[in-house]
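Written out below as structure tokens is the structure these notes cover.
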Amino acid sequence: MKWTEKQAEAIELRNKNMLVAAAAGSGKTAVLVERIKQLILREGVSVNELLVVTFTNAAAAEMREKIVQAITAEIENTSGDTAFLRRQLNLIAKSNISTFHAFALEVIRRFFHVIEMDPNFKICDEAQQIILQANAMDRLFEEMFEKGSPEFVEFLNHYASSKNENAVKEMIAEVYQTIQSVPEPWEWLDDSIEHFIMDEEHFLQSSVLKEIRKYIEKELAYAKANYEKSVAIFEEAGAAKFALKCKADLESIDVVWSAFQSGDWDRLGEAVGRVSYARMVTAKDEKEAFDEVKELAGRYRERCKEALKELKASYFSRPLREQLEDMNKVYPYARTLAMLVKAFGEYYRQEKEEKKLIDFNDIEHAALRILKNEQAAEEYREKFKYIFIDEYQDSNVLQDTLIAAIKRENNLFMVGDVKQSIYKFRLAEPELFMEKYECFKKEENVQDAKIDLNFNFRSKGHVIQAVNELFSKLMAGYDKDAALYKGVSYEGELDYPTEIHLVDQKITDEMEVDAEIRELKSAEREAFVAGQLIKEALGKSIFDVKRNRERPMTKRDIVILMRGQKNYADKFQQILMEMDIPAHINDSDGYFDTLEIQIFLNVLRVIDNRRQDIPLISVLHSCIFGFTVEELAKIRSRCKNTSYFEAFYDCAVSEDKLSKKCAEVLEKLAEWKQLSEFMPLDEWIWKLLWDTGYYTFVGALPGGTQRQANLRALIDKAVQFQSSQMKGLYGFITYVDAIKDRKVPMGQVTLVGENDDVVRIMTIHKSKGLEFPMVIVAGLGRRFNSANSRKPVDIHKNIGLGIRYIQRDKHFYRKTLIQTAIENKRKQEDLEEEVRILYVALTRAQDKLVLLGSVKDLEKFRELNESLEGPDVFRASCYLDMMMPVLSNSSISVHYHDAQEMSLDKTKNNESKEQLQKLFDNVEKYGIKKEEESAEYGKLYTQIGDQLSFTYGYEYARLLKSKFSVSKLNQISDLLSEEGMTPEKYKRLYYESSYETELAVPQFVQGTKKGFTAAERGTLLHSVLEHWDFKEGYRECIQEKSKALDFVRAFITNMESKQMFTHEEADEARRHAKMIVSFQCSSLGERLAHAEEIYKETPFNLMKKIKGEDILVQGIIDCYFREGNQYILLDYKTNKIRDPEDAEEMTALKETYRQQIELYREAIEEVKGIKVKEAYIYLMNAGVTIQYGVPPTIEK
């Protein structure tokens, strides 16, 4: 293999500590493996003299495999003595090529006696850890309540809720878990507590102030830069006088800078408070120039104002003395919290010790305690000639300290990419990488070397260009050393440009939008666009660099990446499936939500304890016992005032058929319970699955293979449960409930393989280390999660512990100075990590990169972002906020989508034909030659032709629903008259919306209603007319117009008082009172006033023959009335009309509703047995009456 200059240096350099900053796609793993190969093959270093630390077992296994392959190949090509190489193959299985935890475990097993640790320990998994911690927490609180400690009670009074102590338990657990990532957690905690009793002098010398000053400096620089930009815009536009006024404001900001540099806190606070801003008005002679740039310059100006405002609110809203007093008052509670955390840690240790278990935190801490023994550390220093750390950017301080204890002066090789550090939520610390990167750059550190690997051998040129354009603006430190350089040699038309697609969620009344598209939620519309992009991409040629040839894009080449999958990935999968694009979610959740697991867990619960009504009813109604709803109801009716189990038990002692069935159930449950007491749990569960027939039953359901795999996974959990010395059915149920309740990641068993031709949907985190020809990064408009700011406790390794100040007697709380500092630091770090996550997503793409996001109002969003010169990363609420200001100066092409465009795309009916034609066009290109048709492939072509031309004889029986609404039937009337419809049109016949029903959020939850759609407005007006008295209404409305309007509004107010309308709905209806007056004063309104009978909102069901099938038509008739012996039909419409005078538009509208009016006429005549003489529609918005049988008329 040909190595680049930098790769060769990373492979061959010796006798130095090395930090290799390996960018995405730069061949990091290949370089690491090659260096190890050369040490073994060329320099005779034994594999057991190497320590290679990775972050996953899979990475360690892959590295071992590659080393084995290299040694094996060398043995085959060597004619001389191969004894050394063969010995390496024997040693590789026991070599220290492993994860951090695996190496730490080896240290413990080798030197357990140094820390007097029992060697017969086992490692507890996350579920066991949750159970043991819950037990420890319960013991802690029982002891505290028994002692009645005043400090403990006072702490609960301040930090627990009025209902329970869960908030305090969460505080204790969070602090305990977080401090486990530092080498000396209890010392760190004690030091942090002492920060709460600082006076001003100590505070001004503290590490806390250093962190606060970093934040203040960044904010002041940001504020000043933006205000200077605002002034520059005014100057360039010719508004020099106003710019001069603004320069006085800049002077006050310079005073703030001066105060900051002086280090005087009080002076700085006063300076921040005195900053003022010139009013946004100017002289007449430059008003035109001023107005031209006022909006743009105003945005930069507002950035400055907001930054200084936040700074004042965070640190200078009150004197420093008062803020330190708050911290002093919190000090006793901080001490109590520290005491509780330590006590919890001790109880948790006892719980683990009792069961001879250790958790993953214990492994690293125990190993570090051992390596503090110089004899143990020296043994490892002597053993390992070379130490390698893969993915160094994801290390934490504890792991770094552990390696520092055993490394020599010049034998450490670290490789990683800080731009891809995305595991801060797991307490990874990219700051360690950055500190070493800066340190290793210095020439005086002769033992250290820094190497940048920046040639990307994964992505084509346009992908690399887009990544560099974006992150040179978004990521701090993204300079020429951090940028990507093209390593792929391909140049040509198959280097596809990067695209961003923005989906506008706003739908206006003027848009002609398909009903199905209108009903789609934000994620579903975005998924629809993704589906269209995938369909366009499938079959397109890509250049496969690894195979060095062109080939067509397939579904397995495509991945959709998301920041998070919850409430998003399932919507994408559903829409893609409806668009005939098979998709698979690579998910870590959802296992316990599957029906087969829920029911079988209920079986286990009922066997363990039959007195659980809901699980009992679930099991009885399942296929296992087969009780019908009627039978379950009869059991309950026999004994109404007891639990359901007692009713069931009483029923079992009777003599009828149902009672015998109940008795058999109790007998079976008792038998299974007895078996569970002496059989191994996993064998017992298998027996239960076969005895009940449940395993076979779920296998026969749709997706049966997946369901059976999920049940087998439950048995695997039982094996794991027993291996940790935990026993019994009740214990297993508790174990499973802990996994479920604490949301331990456990997705359904994955049956989709690497070569299955489906589109993958996965999180960005799961995609790390992978690559795909086409990457769609979706959900870029989703807001970042910032829930941390609402917690009563915050913790940061560099700042300390922050606790909320609470005045319980006055019913208020506020953040302490330390808590605010931690929150600001966390926010900055979180947003820096979001940028790195975005970088990981974009660098997965090989051939084509597509960015996709939704915004509520695209026009407004573009106005706010496109005119700005640079991104505002630390105030972004989503990825689009970061990216939009950069796009105008990039090569990324921007595409816009709205609901109207989606409706047009949805109606295209020739897509399947085009894809099939594309397939046949590529037959010769990709495998099947035309001259082979008559021979080997002749039968295949005939079979394909027969299958594609098959037509089911009763097509409409398969496709038509058994019931249609009148409006839907009217909408598809033209389709029904067609012959030989395409599949897309059949779908339009069948589907009104997706199978998933999303209930509307109740109005009382929504709060104040903000705006009404045209459909909602129409419903309100229909409701008014439903209750309207036409006789009285006519008398009032023919009077003066203002009185008529007052009458209508009073009528609507009366409806509001009767709670028929909410206040917002009544307001909306009152705004359109004029329409009611106009209608009442029309000729139809007059006829209604004199009608002998009026029928309003009349529902009906009508059976009709459609395409030879009996279809039920359901609808509601707005109004019909009787004049003598004649009946007149009337339907109200609230459509917006462009031009009521346009005869062509009126005629088209009339035809649109003809089918609907005819159905109403037929319903009245058939159901009521009366004849309809005349039929009308009345257009409320335009005051137009359209009569069927005569041309439309306009009443002035």
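Residue numbers are given in UniProt numbering: position 648 of the sequence shown equals residue 648, and the series is strictly consecutive. Heads up, the beta-carbon is just placed ideally off N, CA and C, and yes, glycines get one too.
Classification of residue i by the beta-carbon crowding that lies within 10 angstroms, buried from 16 upward
i, result
"Val281", "exposed"
"Val1167", "exposed"
"Met198", "buried"
"Glu187", "exposed"
"Asp946", "exposed"
"Arg14", "exposed"
"Thr820", "buried"
"Lys717", "buried"
"His811", "exposed"
"Pro319", "exposed"
"Ala59", "buried"
"Met883", "buried"
"Met18", "buried"
"Glu1065", "buried"
"Asp81", "exposed"
Inter-residue Cα distance where the pair is residue i and residue j
i, j, result
"Arg303", "Gln1080", "54 angstroms"
"Cys623", "Ser877", "49 angstroms"
"Leu666", "Thr705", "31 angstroms"
"Tyr644", "Ala127", "32 angstroms"
"Asp794", "His1072", "53 angstroms"
"Leu770", "Glu409", "35 angstroms"
"Tyr1153", "Glu1026", "21 angstroms"
"Lys657", "Asp362", "59 angstroms"
"Ala240", "Phe1051", "59 angstroms"
"Glu170", "Phe572", "34 angstroms"
"Tyr735", "Val107", "30 angstroms"
"Ile617", "Ser421", "49 angstroms"
"Leu1102", "Val759", "44 angstroms"
"Ser659", "Leu689", "25 angstroms"
"Phe964", "Gln900", "25 angstroms"
Inter-residue CB distance, residue i and residue j (contact presumed, cutoff 8 angstroms)
i, j, result
"Glu429", "Asn456", "The pair is not a contact, with the Cβ atoms about 26 angstroms apart (cut-off 8 angstroms)."
"Ala530", "Leu849", "Not a contact, Cβ separation roughly 14 angstroms."
"Ile560", "Ile761", "5 angstroms"
"Arg844", "Val775", "5 angstroms"
"Tyr1127", "Ile1164", "7 angstroms"
"Ala70", "Lys94", "18 angstroms between Cβ atoms; not a contact."
Pair within 9 angstroms by beta-carbon distance, residue i and residue j
i, j, result
"Tyr277", "Lys305", "yes"
"Ile764", "Val752", "no"
"Glu1097", "Ile1116", "yes"
"Phe344", "Tyr176", "yes"
"Asp608", "Ile739", "no"
"Ala1089", "Gly1033", "yes"
"Phe425", "Ile558", "no"
"Leu32", "Val415", "yes"
"Met1146", "Val1113", "no"
"Thr29", "Ile97", "no"
"Lys224", "Gly870", "no"
Min CB distance residue i to chain E below 9 angstroms
i, result
"Ser395", "Structure shown: chain E not included; a single protein chain is present."
Self-check item: Ranges of the beta strand (DSSP E) found wholly within the stretch 38 to 104, counting only runs of at least 3
Solution: 50 to 54 and 96 to 99
Exercise. Scan the stretch 636 to 675 and note each continuous alpha helix (DSSP H) run of 4 residues or more that stays entirely inside, going in chain order.
Key: 644 to 652
Quiz prompt | Residue ranges of each alpha helix (DSSP H) within the stretch 154 to 183, 4 or longer | solution = 166 to 179
Exercise. Mind listing, in chain order, the continuous alpha helix (DSSP H) runs of no fewer than 4 residues lying wholly within the stretch 765 to 800?
Key: none
Practice problem: Any chance you could list the beta strand (DSSP E) runs of at least 3 consecutive residues sitting entirely within the stretch 794 to 849, in chain order? | Solution: 800 to 803, 805 to 807 and 812 to 814
Self-check item: Ordered list of beta strand (DSSP E) runs contained in the stretch 415 to 498, each at least 3 residues
Solution: 448 to 453
Exercise. Ignoring anything shorter than 4 residues or poking outside the stretch 334 to 399, list the alpha helix (DSSP H) runs there in chain order.
Key: 360 to 371 and 374 to 383
Quiz item: What are the complete alpha helix (DSSP H) segments, minimum 4 residues, inside the stretch 220 to 264?
Solution: 240 to 262
Quiz item: Which ranges would you report for the alpha helix (DSSP H) in the stretch 1139 to 1169 if only whole runs of at least 4 residues count?
Solution: 1143 to 1152 and 1154 to 1163
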